[in-house]
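Numbering (this note's numbering), first residue to last: 2 to 383.
Set out below in structure tokens:
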């Protein structure tokens with residue numbers, strides 16, 4: 002009779018904290034400026050577990066008028082105006098002093114250059130003033146680690162969807178390996194740019210407003226479907242959906258007839274902004290579900306963790322949930338406190354690195370706009 006070996010449980014290389022450890026994290030890679038303080042401490046039940054507590058999570062967003070994006074110089078100006086207030090509020094809400102901190106983490110990249118520099122400069126200044134070690138954090142790794150912590154997901158396929166990134170990721174041998182990604186623009190960028198074309202507000206975010214208007218759409222306009230293995234292409238879809246706004250059947254917001262009105266023929270051939278929001282979501286999200294499922298099949302994963310700002314979208318979560326349930330899996334996602342860029346995710350990843358003995362000398366704390374997710378050695382995972 003053949004004997005089956007039970008696989009050995011991997012032992013985490015992450016040292017257990019012997020006291021409460023505190024980290025302040027600063028995020029400013031795009032139009033969100035965030036600061037948060039997190040604590041890791043031994044479990045009071047003496048189980049050997051670590052209790053992780055979010056002490057504060059403060060954020061301020063740079064919002065531009067409808068039809069406008071945000072320029073790096075203007076975004077950096079916003080961050081410079083608000084960074085002291087945001088940091089002070091985070092420290093006050095956490096109920097700690099700067100001298101209590103064990104490390105300061107900041108977003109090293111990827112992101113927009115000048116906004117990133119504001120966060121890094123603030124972190125360096127605080128480090129020098131209070132003699133606290135610095136840790137530079139990869140923005141995507143911050144999203145993943147906070148998502149894993151909040152949802153208690155063990156080893157899922159990660160779908161990272163935001164304004165600047167679209168990646169399908171799986172963990173292997175102390176790296177977050179990228180299995181698929183966008184070949185041109187990110188999903189968040191695609192949604193934001195279309196929102197500007199049709200005149201949607203940027204408050205609270207263009208993607209949120211597209212999600213809201215898509216619920217009123219009824220017609221699925223044909224759009225190109227650009228999956229290439231586990232990669233996707235979105236630039237052509239954006240160009241195609243924008244072209245519908247110049248179609249003679251297109252009606253602007255103020256031209257859309259009231260449905261079921263006696264004055265509106267039921268068979269009228271028109272395309273509304275609601276229809277285009279609906280069509281753009283359905284097509285692009287179907288592509289994201291497809292490449293995620295391929296990655297799940299490739300590595301034998303059951304679960305999916307969605308992180309990044311677009312991960313807040315309930316329709317994306319719903320579509321991913323249908324796919325995952327058919328594979329007897331689960332979908333994990335966080336609310337807007339954690340899926341949208343925030344300082345606490347940088348604090349979480351930074352404190353994990355600090356517990357591994359990682360810190361950065363001042364001369365190594367420069368920022369980089371291009372910082373691959375798989376370039377980070379995730380030494381705290383087995």
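Beta carbons are placed, not taken as given, at the ideal position from N, Cα and C, and that holds for glycine.
Three-way DSSP call (helix, strand, coil) for residue i in this model
| i | result |
| --- | --- |
| residue 190 | helix |
| residue 207 | helix |
| residue 225 | coil |
| residue 70 | coil |
| residue 374 | helix |
| residue 163 | coil |
| residue 382 | coil |
| residue 1 | Residue 1 falls outside the range modelled here, since the chain spans only 2 to 383, and no answer is possible. |
| residue 102 | coil |
| residue 152 | helix |
| residue 145 | helix |
| residue 303 | coil |
| residue 46 | coil |
| residue 122 | helix |
| residue 366 | coil |
| residue 361 | strand |
| residue 269 | coil |
| residue 232 | strand |
| residue 168 | strand |
| residue 30 | coil |
| residue 201 | coil |
| residue 316 | helix |
| residue 93 | helix |
| residue 338 | helix |
| residue 35 | strand |
| residue 322 | helix |
| residue 218 | coil |
| residue 285 | helix |
| residue 17 | coil |
| residue 251 | strand |
| residue 328 | coil |
| residue 259 | coil |
| residue 239 | helix |
Whole-Å CB distance - residue i paired with residue j, under 8 Å assumed
| i | j | result |
| --- | --- | --- |
| residue 110 | residue 370 | 6 Å |
| residue 345 | residue 58 | 4 Å |
| residue 292 | residue 218 | Their Cβ separation, rounded to whole angstroms, is 24 Å, which puts residue 292 and residue 218 out of contact at 8 Å. |
| residue 54 | residue 39 | 7 Å |
| residue 296 | residue 87 | About 36 Å; that fails the 8 Å criterion. |
| residue 183 | residue 167 | 4 Å |
| residue 84 | residue 34 | 6 Å |
| residue 18 | residue 42 | 6 Å |
| residue 211 | residue 196 | 5 Å |
| residue 288 | residue 226 | 6 Å |
| residue 119 | residue 56 | So it is not a contact: roughly 23 Å between Cβ atoms. |
Rounded straight-line distance, which links the Cα of residue j to that of residue i
| i | j | result |
| --- | --- | --- |
| residue 324 | residue 229 | 19 Å |
| residue 209 | residue 317 | 12 Å |
| residue 340 | residue 308 | 6 Å |
| residue 305 | residue 342 | 20 Å |
| residue 149 | residue 102 | 23 Å |
| residue 179 | residue 172 | 9 Å |
| residue 190 | residue 81 | 24 Å |
| residue 95 | residue 372 | 30 Å |
| residue 376 | residue 220 | 43 Å |
| residue 378 | residue 64 | 35 Å |
| residue 365 | residue 136 | 10 Å |
| residue 122 | residue 31 | 15 Å |
| residue 216 | residue 164 | 21 Å |
| residue 204 | residue 14 | 43 Å |
| residue 141 | residue 374 | 6 Å |
| residue 139 | residue 348 | 11 Å |
| residue 396 | residue 36 | Absent from the model: residue 396. The displayed extent of the chain is 2 to 383, so no value can be given. |
| residue 132 | residue 350 | 20 Å |
| residue 66 | residue 353 | 39 Å |
| residue 270 | residue 251 | 9 Å |
| residue 368 | residue 237 | 31 Å |
| residue 177 | residue 198 | 35 Å |
| residue 99 | residue 380 | 27 Å |
| residue 161 | residue 194 | 19 Å |
| residue 299 | residue 330 | 15 Å |
| residue 235 | residue 312 | 17 Å |
| residue 52 | residue 21 | 9 Å |
| residue 263 | residue 214 | Low confidence applies here, because residue 263 scores a pLDDT of 47, under 50, leaving its location unreliable; read the following figure in that light. If you take the alpha carbons of residue 263 and residue 214, they lie about 24 Å apart. |
Close beta carbons around residue i, own chain, < 7 Å, minus the five adjacent residues each side
| i | result |
| --- | --- |
| residue 222 | 245, 272, 276, 277 and 280 |
| residue 231 | 169, 180, 181, 292, 295 and 296 |
C-beta neighbour in chain B for residue i, strict 8 Å
| i | result |
| --- | --- |
| residue 106 | The structure shown contains no chain B; it is built from a single protein chain. |
8 Å Cβ shell around residue i - same chain, five flanking residues per side excluded
| i | result |
| --- | --- |
| residue 261 | Low local confidence applies: a pLDDT of 48 at residue 261 is under 50, so the model's placement there is unreliable, with the coordinate-based value given in what follows. Counting only Cβ-Cβ distances below 8 Å, and skipping sequence neighbours, we find nothing. |
Residues near residue i by beta carbon distance below 6 Å, same chain, minus five either side
| i | result |
| --- | --- |
| residue 257 | 273 |
Is it a yes or a no for the region 107-126 touching the region 24-38, going by three-plus beta-carbon pairs under 8 Å?
-> Judged by Cβ distances under 8 Å, the region 107-126 makes contact with the region 24-38, as three or more pairs qualify.
Tell me, please, whether the region 67-77 touches the region 112-124 by the rule of three or more beta-carbon pairs shorter than 8 Å.
-> With the cut-off at 8 Å, the region 67-77 and the region 112-124 touch.
Using 8 Å as the threshold, is the region 44-53 in touch with the region 126-134, meaning 3 or more CB pairs across them?
-> Short answer: they don't touch.
Could you tell me whether the region 321-335 touches the region 351-364, using the rule of 3 or more Cβ pairs below 8 Å?
-> In short, these stretches do not touch, since the Cβ pair count stays below three.
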